[in-house]
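Protein chains: 2
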Amino acid sequence: MDISLILFELMVILIAAKLGAFLFERIGQPPVLGELVVGIILGNMAFFTNGAVQWFTFFRTDEFIHIFSEIGVIILLFEIGLQSDISELLKVGFPAARVAVVGVVLPFALGYWLTMGLGISSDFNVALFMGATLTATSVGITARVLKDLGKLDLSESRIILGAAVIDDVLGLIVLAIVSGIVTTGAANFSSTAIVSLKAFGFLIGGVLIGRWGAPYVMKLFQKIEVQGVKLAAALGAAFLGAILAKKIGLAPIVGAFAAGLCLDDVQFRGFNEKRSLEEIISPISDLFIPVFFVVIGTSVQIEALLSKEILWMGSILTFAAIFGKYLAGFAAYPRKLDFQSIGIGMIPRGEVGLIFASEGKRLGIITDTLFSMVVLLVMITTLITPPILSIFLKRTK
Amino acid sequence: MDISLILFELMVILIAAKLGAFLFERIGQPPVLGELVVGIILGNMAFFTNGAVQWFTFFRTDEFIHIFSEIGVIILLFEIGLQSDISELLKVGFPAARVAVVGVVLPFALGYWLTMGLGISSDFNVALFMGATLTATSVGITARVLKDLGKLDLSESRIILGAAVIDDVLGLIVLAIVSGIVTTGAANFSSTAIVSLKAFGFLIGGVLIGRWGAPYVMKLFQKIEVQGVKLAAALGAAFLGAILAKKIGLAPIVGAFAAGLCLDDVQFRGFNEKRSLEEIISPISDLFIPVFFVVIGTSVQIEALLSKEILWMGSILTFAAIFGKYLAGFAAYPRKLDFQSIGIGMIPRGEVGLIFASEGKRLGIITDTLFSMVVLLVMITTLITPPILSIFLKRTK
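Here you go:
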C-alpha cells in the first residue's frame, strides 16, 4: 500500500466529512447524513461525471481505510456505552427485549411473505434467508444521531440501545436456525441453543465480570504514570470488548458498547493525567468516526442499483423492513413513551444484513439480484433514519 | 485483513508501549527507548522463547499497523514543526547547513573507505552505496527525545532539526549521484541538478507559499462551524505536506515538519472550537506515535544479525556512522553551543538508510549480508541515541 494514497484519502475524507456535516446542519439535517452523502458523492464520482473523474473509486476498496473506519464505529459505540448508565439501561430491559423480539419477528415474517408472495422467488430457502436479512438493526447510525442531539439520556434512547444489543443476539440465533434449515433441512436445536447460550452468556457474564474487575484493572493502569495511559486503558477496553464479541459471533460494536458499560468516569479519576476521559477521547472520535460514515456512503454503488427489477422489488422489501421495525417500537407499551421514535431508531440495517446476505450468497441461495436489493435496503434505511429520527426526537421532551 | 487481529495488535502495542515508557522513565531512561525495547521484545518473542511463543511475529508484517505507525511519525514531526518558530530556525540556518554537509560528507567518506579498506568488498560501486547509506539522519527518534525533555527551544535542537531537513535533501542528491555512477558509469550532472533544484525548491517554495496562504485557508476552514474541523484542518495540512514531500522524493516527515512550520497557533484561534490545537492533537499523538516506535522495535530481527561477520563488520560501520555524525556537530562552530549534543542528535539512521540499501539491493550491488549490516547499524544508532542524548541535553543549560 502506498502511504501517499492513504494520506490523501484520509485528508479528503476528513475535510469533505466536515464540509458535508456543516452544510447539512445548516439546512437543519443531522451532520451524519452530510457525511453519508459526501461518501456517496466520493464513491460514485466516476458515475456522476460519466467516467470523467476516475479517482476516488479506490475509496470503496482500500483495506486500510475500511479497517480505520471500523475502528471508528467501535469507538463510537464505546463512547456511547461509557455515557450510558447500566442501571438505567436495565430499568428498560423488558420493554427493550419486547421491542427487539417484535423487531426481529415482524420484519422476518414480512420478508418471508413478500419474497414468496411477490414471486421474487418461490424457493422456501430463499424466502427464509431474505426474511433473516431484514432482522438485524445496525445501531451505529442511530447512536450517532442520539449523540449529536444530546438525547442519550431519554428512556427512548435507552430502549433503542438495549433493543439493538438484544437484536444482535437474536440475529445470531436466527442465522443459526436458518442456516441449519437450509443446509440440513431442519432447524438444529442443539447448535441453536449453544449459539444462544454463548451470546447471552457472553453479554451478561462479560458485563458482570467487567464491572466487577474494571476498578482493579484501572488501579493497575493508574500505577503506569506516563502520558497517554488513560487513553491506552480506555481504548484497550474498547478493543478487547470488540475482539471478544467478534469471537462469539456478535458484532464488534456490541462488544465495544458492553466495554463502555463496564467503565465509569469514576474509574478514570485516579489517573495522574488530569484531563477527563471525555476530553481525551473526543479528538480521537473526531478523527475516526467521520471516516466510518463516509466509507459507508462510498460503499453505495449507484450504477449497480439501476435496474427496474432491483429498484421495484427492493423498494417493497425496504418498505417491509421499515414498517416492521416501526411497528416494533410500539412493543414498548404499556410504558408511556414516544413509540414512533423507538421504532424509527431501529430502522437502519447495515453490516449484519449484508453479512447474512453474503452467507446466503456463499450457500448459493442469494443471487446477485437479490443481493443488490439488500444493498438498496441497507442504503435507504441508513439514509432516511437520521433526518426522520431527528424530527421525531426534537419533538420529544 | 481481520479486524480482531488488528484490534489485538493495537491494544497490545498501546498498553505495552505505555508500560515500557513508564519502566524506562523510572530507571532514568527516555520513554522512547522503552517503547523501542518493547517492540524488540514483541517482534522477537519467538526467538526469545525458543519458538514456544509464535504470536506477535505478525507485528512485523502487518500492513495496517505499518501505515498506522507511519502516520504516527508524520504527526510527530508535524507537531514539532508547529512548535518550532521558523524565524528562530532560520537564525541557525548557516550552522545547521554546515552540520548537515559535514554530517553527509564524513560518514560517506568513512563508509566508502571502510568498505574498501576492511575488504567488506573491493567493488567501487558497493563502497559508494555503503557510503551513501551512512549519510541520512532519521530525525524521528531525536525529535521525540527533544520533545519529551521539553528542549525544542534550545539552539542546539533547532540546529539538529534544520540540519536533519537539509540532510534529507542532501541524501536525495547523494542517491542521484551514486545511482548515476553505478548505472551509467558517471555522475549524471543534469539529473542531479534537477533533483537538487526540485528538493530545495519544494522546501523553500513550499514554506513560503504555505506561510503566505495558510491564514487564508484557515479562514475558509473557520467558516465550517462544526465539531472537529480544527483537527481536520491541522491533519489535512500535515498529510498534504507529507504527500507533496514524498512526491518530490523527500521523506514524508520532512513535508509534515514543513507543514507544521507554515502554521501557527494564531491561525487556529479564530475557530468556533475553543480548545487549543495542542489539546486537540495531543490525544491523537498519544495514540499514533507510540505505535511508530514499537513498530520500529519489532522490525529488529535478532536472529538475522547473529552472524560473526555481520556483527563484526556491522559494528565497525556503525562506529563510523556514529563517529561521522558526532564530529559533524562541531561544524556548528564558531557558535558557542553544545556541539556534542548536536552531533549525537544527528546519529540515528532509519528509513532513508534502509531505502538506499534496498535500492542497492535492487540494482544487485548490496548483498543480503551487507543489508543485514545496514539493519544492525540502523538498530544500534536508533537505540543508543535516546539515552546518550538525554544525558547530554540534561547537562545543557
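Note that the protein sequences, when read in sequence, are chains P and Y. For the first sequence, our numbering begins at 1 and goes up steadily by one. For the second sequence, our numbering begins at 398 and goes up steadily by one. Ideal placement from N, C-alpha and C gives every residue a C-beta, glycine not left out. Just so we're clear, the structure is a prediction, and the values are computed from it rather than from any experiment.
Sub-7 angstroms separation of residue i and residue j beta-carbons
i, j, result
"Phe-64 (chain P)", "Phe-689 (chain Y)", "no"
"Val-226 (chain P)", "Lys-595 (chain Y)", "no"
"Gln-426 (chain Y)", "Pro-784 (chain Y)", "yes"
"Gly-39 (chain P)", "Thr-382 (chain P)", "no"
"Ile-570 (chain Y)", "Val-536 (chain Y)", "no"
"Val-374 (chain P)", "Thr-133 (chain P)", "yes"
"Ile-75 (chain P)", "Phe-288 (chain P)", "yes"
"Leu-7 (chain P)", "Ile-640 (chain Y)", "yes"
"Glu-35 (chain P)", "Val-207 (chain P)", "no"
"Phe-665 (chain Y)", "Lys-627 (chain Y)", "yes"
"Glu-156 (chain P)", "Leu-370 (chain P)", "no"
"Ile-517 (chain Y)", "Met-776 (chain Y)", "no"
"Ile-556 (chain Y)", "Pro-492 (chain Y)", "yes"
"Met-408 (chain Y)", "Phe-392 (chain P)", "no"
"Gly-162 (chain P)", "Leu-89 (chain P)", "yes"
"Gly-633 (chain Y)", "Ala-655 (chain Y)", "no"
Test: residue i CB closer than 7 angstroms to a CB of chain P
i, result
"Gly-747 (chain Y)", "no"
"Ile-400 (chain Y)", "yes"
"Gly-537 (chain Y)", "no"
"Ala-408 (chain Y)", "The sequence given here has Met at residue 408 (chain Y), not Ala. Judged by the 7 angstroms Cβ criterion, Met-408 (chain Y) is in contact with chain P."
"Val-501 (chain Y)", "no"
"Asp-564 (chain Y)", "no"
"Glu-467 (chain Y)", "yes"
"Ile-412 (chain Y)", "yes"
Spatial neighbours of residue i in its chain, beta-carbon cut-off 7 angstroms, leaving aside the 5 residues before and after
i, result
"Ala-328 (chain P)", "Val-99, Val-102, Gly-103, Leu-106, Gly-343, Met-346"
"Gln-222 (chain P)", "Gly-270, Phe-271"
"Ala-320 (chain P)", "Pro-107, Leu-110, Gly-111, Leu-114, Leu-134"
"Lys-758 (chain Y)", "Phe-768"
Element boundaries [alpha helix (DSSP H), containing residue i]
i, result
"Glu-670 (chain Y)", "Note, Glu-670 (chain Y): premise wrong, no alpha helix (DSSP H); not H, not E."
"Asp-168 (chain P)", "155 to 184"
"Gln-619 (chain Y)", "586 to 620"
"Pro-334 (chain P)", "Here Pro-334 (chain P) belongs to no alpha helix (DSSP H), and DSSP marks it neither H nor E."
"Ser-87 (chain P)", "86 to 91"
"Gly-440 (chain Y)", "428 to 440"
"Ser-712 (chain Y)", "705 to 725"
"Gly-72 (chain P)", "63 to 83"
"Ile-699 (chain Y)", "699 to 702"
"Ala-655 (chain Y)", "649 to 659"
"Leu-7 (chain P)", "3 to 26"
Under the three-state DSSP convention, the category residue i falls into
i, result
"Thr-396 (chain P)", "coil"
"Arg-269 (chain P)", "coil"
"Arg-746 (chain Y)", "strand"
"Thr-382 (chain P)", "helix"
"Thr-446 (chain Y)", "coil"
"Thr-766 (chain Y)", "helix"
"Thr-532 (chain Y)", "coil"
"Lys-548 (chain Y)", "coil"
"Gly-236 (chain P)", "helix"
"Ser-122 (chain P)", "coil"
"Gln-54 (chain P)", "coil"
"Gln-624 (chain Y)", "coil"
"Leu-751 (chain Y)", "helix"
"Ile-363 (chain P)", "Before going on, a small fix: residue 363 (chain P) reads as Leu here, not Ile. Leu-363 (chain P) falls in the coil class under three-state DSSP."
"Gly-111 (chain P)", "helix"
Residues of its chain near residue i, where Cβ-Cβ distance is below 8 angstroms and the 5 sequence neighbours each way are ignored
i, result
"Glu-844 (chain Y)", "Past the boundaries of the shown model lies residue 844 (chain Y); chain Y is included only from 398 to 794, so the question cannot be answered."
"Val-429 (chain Y)", "Ala-418, Ile-538, Arg-541, Val-542, Asp-545, Phe-690, Pro-783"
"Gly-43 (chain P)", "Phe-56, Thr-57, Phe-59, Arg-60, Gly-297, Thr-298, Ser-299, Val-300, Gln-301"
"Thr-647 (chain Y)", "For the sequence presented, residue 647 (chain Y) should be read as Leu rather than Thr. These residues qualify, in order along the chain: Asp-565, Val-566, Leu-569, Ala-596, Phe-599, Leu-600."
Test: residue i CB closer than 7 angstroms to a CB of chain Y
i, result
"Glu-359 (chain P)", "no"
"Pro-283 (chain P)", "yes"
"Val-226 (chain P)", "yes"
"Phe-58 (chain P)", "no"
"Leu-110 (chain P)", "no"
"Leu-19 (chain P)", "yes"
"Asp-286 (chain P)", "yes"
"Ile-280 (chain P)", "yes"
Cβ shell of residue i (< 6 angstroms), same chain only, five flanking positions each side left out
i, result
"Ala-728 (chain Y)", "Arg-495, Val-496, Val-499"
"Gly-180 (chain P)", "Ala-187, Asn-188"
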